[in-house]
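Participant: Could you have a look at this structure, given as structure tokens, before my questions?
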Amino acid sequence: MRLNTRMGEYGGCFVSETLMYALEELESAYLNILPGTEFQAELAEYMTKFAGRETPLTFCRNMSRELGCRVYLKREDLLHSGAHKINNALGQALLAKYMGKKRLIAETGAGQHGVATAIAGAVLGLKVDVFMGDIDIERQALNVSRMKMLGARVIPVSSGTRTLKDAINEALRDWVAQVRDTHYLIGTVVGPHPFPLLVRDLQSVIGKEARRQIFEAEGRLPDCIVACIGGGSNAIGIFHAFIGDPSVRLFGVEAGGEGLDAKHGATLCGGRPGVLHGNYSYLLQDAFGQILESHSVSAGLDYPGVGPEHAMHKDSGRVTYQAVTDTEALEAFLYLSRTEGIIPALESSHAVAYARKIAPALKKDSILIINLSGRGDKDVETVNRYLEMGS
Amino acid sequence: MNRIEEVFQKRKTGLLMTFTVAGDPDYDTSLSIMRALLQGGADIIELGLPFSDPAADGPVIQQADQRAIESGMNTDVFFRLVSEFRKESDIPLVVLTYTNLILQREIAKFYQDAANAGIDAVVVADLPYEEAGEYIGAAEQAGISPVMMVSTTTSPERLSRILSVKSGFIYLVAALGVTGVRREVNPEALRYLEMIKQATSTPVAPGFGISDREQVQEWFRAGADAVIVGSALVRLIGENLDSRQEMNRKITACVRELKE
Ligand SMILES: Cc1ncc(COP(=O)(O)O)c(C=O)c1O
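Protein chains in written order, with the numbering used here: chain A, 1 to 391; chain B, 392 to 651.
Here's what the structure looks like:
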């Protein structure tokens, strides 16, 4: 590898020898193709005219009044496909095309990344196979139908815990067999180097826009930014442009599930460092290093690992990582829908829930930005079931 | 010189290295399977220390890992199992596992515990050359042979760096993809073997996909020092869970046939 593969002490390339070839090839594309003017111009064209960038930074009148500070939403939910995942999927799919690859594979939990990859494959003329745990296939049925309609093949994964973690295992197994003509379009800032860097760079457009937009609206930096953390791509995407501004407090919100002393998916809050899926980062694991099953009402946060860059920011203290429970996220889902007329993804609802918790301690003119990573259409069944149980 | 170096140095014919998962389907049966492998004439026994997320393995070995973990296998029990078997036999023992299990025990402690249990060599499926430095150092410190993996996608530059490590043997990944039975030997891998043999005197053992006598013989003719057979044996375990006697008889017969 030509670059440093570590982010602080985290990251690295823990893969089978066969895949080192593909990672070296990808790193070389990351260094030589991605920054090129032709590539950047073509990507910008897709981002603006196809995906719908830039996304608005919406001032929330009602929520601001209720919470007692100035609340903004970065509207990644308005992107084509309905989530931030398309920023990464279009970028990597275009890169794969420039690299001469014929086929894309992807893992998906919530289905948003699978849908984004299916869209990118369709528009760029690449074949798409998506691995998805059969538990997730059931709880995100709408997205499974969307992927199929977009021409992708959805391959059910019935090994292990049958969720996102195992979908990644299966994608890695496929990649190692088809390494020459296939690109593994990983959906978040995890995996071996250079994926965490590549996905971070492609998602950092969120923070770049938000920084300019908040200066336009308020003439100054925000005080707090809140984003949910599955693998951590939407969070790194919005944080990255503000990392060097110490006055901006950054909050990453993990899936607290049924509570940190019960089943959860809060890797940074409740795990310790180890190696999974090609990188060294925080993990939910037992004393021997066997990976534990995670739990979240939100499929996109139901993962026992997290991106290495977040592990670094946790240790340095630059970002504060906290968890909210399933119940708090479900309540926030309804709250945002009714207060602002925006139905958020259950993943993003975790960020909304945490913002509601910290807002009372902020001043009236404090500025708080929530990264609204996706819209909630895919989750209405899950929320309906919860409402029925409650009534 | 440890047992693994010795067996390669003294070899007159190609060696058969069997792979099974420790604790599959349970501790006692696993011990009896190791005896059955010995009885069939295995030259080297490779044991998988099972990991919850074996991304380099196909479905046959994944299921074996799961059976083993469910029956209570973990790193402590693994070393106990190996120590117990070591009292009965001097056969070279190799462990195959994944990085996290070594890391969580602490690297130096893992290799020391392995040496104390009677293990001779350690292969790590997700630890390429770039990440392996500390692990190789700890292995050598404990008197264990590190084993480096090489694949047909390994470039000549990488190969020469990998060969600079003093490996017990080179594990040649004989088929692109995960472990599992393949019908035919990959000609590209045979050519790759020739290339490695020209570059080093370290023994080379192909594994992944090799499942029958014909394939084993083809590899020996091509110059392999040992051949690793895994999924074919693990499958026999999975297919005979309701009769341990039958299982062991079939395993012994299978090894005997592979050796002929
Ligand atoms: C809308 C939405 N937000 C967030 C996530 C979590 O992923 P990440 O942490 O990479 O942003 C997902 C994952 O599927 C998602 O669909």
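The beta-carbon is built from N, C-alpha and C at its ideal position, and this holds for glycine as well.
Could you name the residues of the region 509 to 535 of chain B whose beta carbon sits closer than 7 Å to any beta carbon of chain A, in the order they occur along the chain?
Facilitator: Per Cβ criterion, the list reads A516, D517, L518, P519, E521, E522.
Participant: Would you please verify whether the beta carbon of B:G405 is less than 8 Å from any beta carbon of chain A?
Facilitator: For the purposes of this step, residue 405 of chain B is taken as residue 14 along the second sequence, with counting starting at 1. No, because no Cβ of chain A sits closer than 8 Å to the Cβ of B:G405.
Participant: Any idea which residues DSSP pairs A:H240 with across the strands?
Facilitator: Looking up residue 240 of chain A in the first sequence gives position 240. DSSP lists no partner for A:H240.
Participant: First and last residue of the alpha helix (DSSP H) that includes A:V199?
Facilitator: Taking the first sequence and counting its residues from 1, one reaches residue 199 of chain A at position 199. Note, A:V199: alpha helix (DSSP H), 195 to 203.
Participant: Specify the secondary structure class of A:V306 as computed by DSSP and reduced to three states.
Facilitator: Translated into positions along the first sequence, residue 306 of chain A becomes position 306. Coil, per DSSP.
Participant: Taking 6 Å as the limit between beta carbons, can you name the residues of its chain near A:F14, skipping five residues before and five after?
Facilitator: On the first sequence, residue 14 of chain A is found 14 positions in, with the first residue counted as 1. Counting only Cβ-Cβ distances below 6 Å, and skipping sequence neighbours, we find V275, G278.
Participant: Considering only the beta carbon of each residue, do A:G259 and A:T182 sit closer than 8 Å?
Facilitator: As a first step, residue 259 of chain A must be located in the first sequence, where it is residue number 259. As a first step, residue 182 of chain A must be located in the first sequence, where it is residue number 182. Not closer than 8 Å, so no.
Participant: Say whether the region 621 to 638 of chain B touches the region 576 to 590 of chain B, bearing in mind that this needs 3 or more beta-carbon pairs closer than 8 Å, one atom from each stretch.
Facilitator: The region 621 to 638 of chain B is not in contact with the region 576 to 590 of chain B.
Participant: Excluding the 5 residues preceding and the 5 following A:E27 in the sequence, name in chain order all residues of the same chain whose CB lies nearer than 8 Å to its CB.
Facilitator: Here residue 27 of chain A refers to the residue found at position 27 when the first sequence is read from its first residue. Here the set comprises M1, R2, L3, H193, P194.
Participant: Leaving aside the five residues before and after B:M464 along the sequence, list all residues of the same chain whose C-beta is less than 7 Å from its C-beta, in chain order.
Facilitator: To locate residue 464 of chain B, count along the second sequence from 1; it is residue 73. Cβ neighbours of B:M464 beyond the five flanking positions: A413, G414, P441.
Participant: List, in order along the chain, the chain B residues whose C-beta lies closer than 7 Å to that of A:T325?
Facilitator: The count along the first sequence starts at 1 and reaches residue 325 of chain A at position 325. Per Cβ cutoff of 7 Å: no residues; A:T325 is ~25 Å from chain B at best.
Participant: So A:A177 packs on B:L567, CB below 8 Å; how close in whole Å?
Facilitator: Along the first sequence, one-based indexing puts residue 177 of chain A at 177. Along the second sequence, one-based indexing puts residue 567 of chain B at 176. Contact holds; Cβ gap of about 5 Å.
Participant: Check B:T570 in the structure and name its three-state DSSP category.
Facilitator: Position 179 of the second sequence holds residue 570 of chain B. Reduced to three states, the DSSP call for B:T570 is coil.
Participant: Please state if the CB of A:G11 and the CB of A:T18 are separated by a distance shorter than 8 Å.
Facilitator: By one-based count along the first sequence, residue 18 of chain A stands at place 18. By one-based count along the first sequence, residue 11 of chain A stands at place 11. Not in contact: A:T18 and A:G11 (Cβ atoms no closer than 8 Å).
Participant: If you drop the 5 nearest sequence neighbours on each side, which residues of the same chain put their C-beta closer than 6 Å to that of A:A392?
Facilitator: Since the first and last residues shown for chain A are 1 and 391, residue 392 of chain A lies out of range.
Participant: If you compare alpha carbons, which of B:E651, B:V451, B:G559 is closest to B:Q606?
Facilitator: Within the second sequence, numbered from 1, the residue matching residue 606 of chain B stands at position 215. With distances taken between Cα atoms, B:Q606 lies closest to B:E651.
Participant: Using the three-state DSSP reduction, which class does A:C224 fall into: helix, strand or coil?
Facilitator: By one-based count along the first sequence, residue 224 of chain A stands at place 224. A:C224: strand per DSSP, three-state reduction.
Participant: List the residues of chain A that B:R549 touches, going by C-beta distances under 9 Å, in chain order.
Facilitator: Locating residue 549 of chain B in the second sequence gives position 158, where the first residue counts as 1. Simply E17, M20, Y21, E24.
Participant: Compare the beta carbon distance of A:E347 and A:G300 with 8 Å and say whether it is the shorter of the two.
Facilitator: Counted from its first residue, the first sequence places residue 347 of chain A at position 347. Counted from its first residue, the first sequence places residue 300 of chain A at position 300. Contact flag set, yes.
Participant: Quick check: is the beta carbon of A:M63 nearer than 8 Å to any beta carbon in chain B?
Facilitator: By 1-based counting over the first sequence, the position of residue 63 of chain A is 63. So, not an interface residue.
Participant: Could you compute how far the alpha carbon of B:A433 sits from the alpha carbon of B:M539?
Facilitator: One-based indexing of the second sequence puts residue 433 of chain B at position 42. One-based indexing of the second sequence puts residue 539 of chain B at position 148. Looking at the two C-alpha atoms, the distance is approximately 22 Å.
Participant: Does any residue of chain A have a CB that is nearer than 8 Å to the CB of B:A447?
Facilitator: As a position in the second sequence, residue 447 of chain B is number 56, starting the count at 1. It does: the Cβ of B:A447 has a partner Cβ on chain A nearer than 8 Å.
Participant: Closer than 8 Å, CB to CB, is B:V564 near chain A or not?
Facilitator: One-based indexing of the second sequence puts residue 564 of chain B at position 173. Chain A contact via Cβ: present.
Participant: Please name the residue, chosen from A:F131, A:E309, A:T55, that lies closest to A:M7 on a Cα-to-Cα basis.
Facilitator: Sequence index remark: in the first sequence, residue 7 of chain A carries index 7 (1-based). Comparing Cα-Cα distances from A:M7 to each of A:F131, A:E309, A:T55, the minimum goes to A:E309.
Participant: Buried or exposed for A:D365, please, with buried defined as at least 16 other CB atoms from any protein chain shown within 10 angstroms of its CB.
Facilitator: In the first sequence, counting from the first residue as 1, residue 365 of chain A sits at position 365. Per the 10 Å Cβ criterion, exposed.
Participant: Mind checking if B:I561 is an interface residue toward chain A, Cβ cutoff 8 Å exclusive?
Facilitator: Position 170 of the second sequence, counted from the first residue, corresponds to residue 561 of chain B. No, no contact with chain A.
Participant: Consult DSSP for A:A122 and reduce its assignment to one of helix, strand or coil.
Facilitator: Within the first sequence, numbered from 1, the residue matching residue 122 of chain A stands at position 122. Correct three-state label for A:A122: helix.
Participant: What does DSSP give as the partner residues of A:G133 in its beta bridges?
Facilitator: Within the first sequence, the letter at position 133 stands for residue 133 of chain A. Paired residue(s): A:V157.
Participant: Just the Cα atoms here: how many angstroms apart are A:L314 and A:L202?
Facilitator: Translated into the one-based positions of the first sequence, residue 314 of chain A becomes position 314. Translated into the one-based positions of the first sequence, residue 202 of chain A becomes position 202. Note that residue 314 of chain A is Lys in the sequence shown here, rather than Leu. A:K314 and A:L202: Cα-Cα distance of roughly 22 Å.
Participant: On a CA-only basis, which of B:L494, B:V515, B:A644 is nearest A:S281? Give me that one, please.
Facilitator: For the purposes of this step, residue 281 of chain A is taken as the residue at position 281 of the first sequence. Among B:L494, B:V515, B:A644, the Cα nearest to that of A:S281 belongs to B:L494.
Participant: Could you pull out every unbroken beta strand (DSSP E) segment of at least 3 residues lying fully inside the region 23 to 103 of chain A, listed in chain order?
Facilitator: Correct list: 57 to 59, 70 to 75.
Participant: Can you find a CB in chain B that lies within less than 8 Å of the CB of A:V157?
Facilitator: What you label residue 157 of chain A is simply residue 157 of the first sequence in a count that begins at 1. It does not; no Cβ of chain B falls within 8 Å.
Participant: Can you give the Cα-Cα distance for A:A96 and A:E170, rounded to whole angstroms?
Facilitator: For this step, residue 96 of chain A is matched to residue 96 along the first sequence. For this step, residue 170 of chain A is matched to residue 170 along the first sequence. So the alpha carbons of these two residues sit roughly 20 Å apart.
Participant: Using 8 Å as the cut-off, can you tell me whether the region 353 to 362 of chain A makes contact with the region 397 to 409 of chain B, which would need three or more C-beta pairs spanning the two stretches below that distance?
Facilitator: Verdict: no, contact absent.
Participant: For ligand 1, is there a heavy atom less than 7 Å away from the beta-carbon of A:K85?
Facilitator: The residue given as residue 85 of chain A occupies position 85 in the first sequence. Yes, ligand 1 has a heavy atom inside 7 Å of this Cβ.
Participant: Excluding sequence positions up to five away, which residues of its chain have a Cβ less than 6 Å from the Cβ of A:I168?
Facilitator: What you label residue 168 of chain A is simply residue 168 of the first sequence in a count that begins at 1. For A:I168, where only same-chain residues beyond five positions count, the Cβ hits under 6 Å are E107, H277.
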